[in-house]
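To start, the structure under review is shown below, and the notes come after it.
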């Protein structure tokens, strides 16, 4: 029976490992998130692994040669308990897959990164640097968070993309 397993990769080697594992016929998933990078007065949006140095692969340990994963370029090792690979709950990976777009970008709100009452800071946009509090995470708005910002002696309710926020 096929289950999902965790592959530990070399530093910044997730893409390389993903490519080589897929070429060997393994079904793989590398969840990504959008990160805002600032360099030389430029703001760039980059895709980065959600779990740096880790990716997921699905196989049947009884029906395939899974030990070849450890010899794959970009891979350090498949996480095992010594003798057999450690399975990840299928529901967790399937939930990430269901929420991911074509690029594998998973909204951070799916992982419960923010919760009501949490203090957050706006990283980008016209309100950059302002701190506020998470008011609500709408179920219908993927990757958006409703926050309360206190400015000019008043509270303002705004909906912002989750990638534009960080914990304060």
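Residue numbers (this note's numbering): 6 to 173.
Note that the Cβ used here is the ideal one computed from N, Cα and C, for glycine as well.
Residue i in three-state terms, based on DSSP
i           : result
residue 74  : helix
residue 133 : coil
residue 95  : helix
residue 120 : coil
residue 17  : coil
residue 169 : helix
residue 51  : strand
residue 26  : helix
residue 103 : helix
residue 156 : strand
Residues near residue i in its chain [Cβ-Cβ closer than 8 Å; skip 5 each side]
i           : result
residue 160 : 153 and 154
residue 93  : 8, 9, 10, 11 and 61
Chain-order list of residues whose beta-carbon lies under 7 Å from that of residue i (same chain, five-residue window excluded)
i           : result
residue 48  : 41 and 129
residue 143 : 149 and 151
residue 6   : 65
residue 82  : 13 and 75
CB of residue i within 9 Å of CB of residue j, strictly
i           : j           : result
residue 9   : residue 95  : yes
residue 55  : residue 36  : yes
residue 44  : residue 78  : no
residue 101 : residue 11  : no
residue 90  : residue 120 : no
residue 46  : residue 19  : no
residue 73  : residue 29  : yes
residue 118 : residue 167 : yes
Integer Cβ distance of residue i from residue j, believed to fall under 8 Å
i           : j           : result
residue 138 : residue 123 : 7 Å
residue 38  : residue 50  : About 11 Å; that fails the 8 Å criterion.
Nonlocal neighbours in the same chain, by C-beta distance under 6 Å from residue i, ignoring five residues either side
i           : result
residue 136 : 126 and 173
residue 106 : none
Any non-hydrogen atom of the ligand SAH within 8 Å of residue i CB
i          : result
residue 50 : The ligand content of the structure shown is nil, which means the ligand SAH is not present either.
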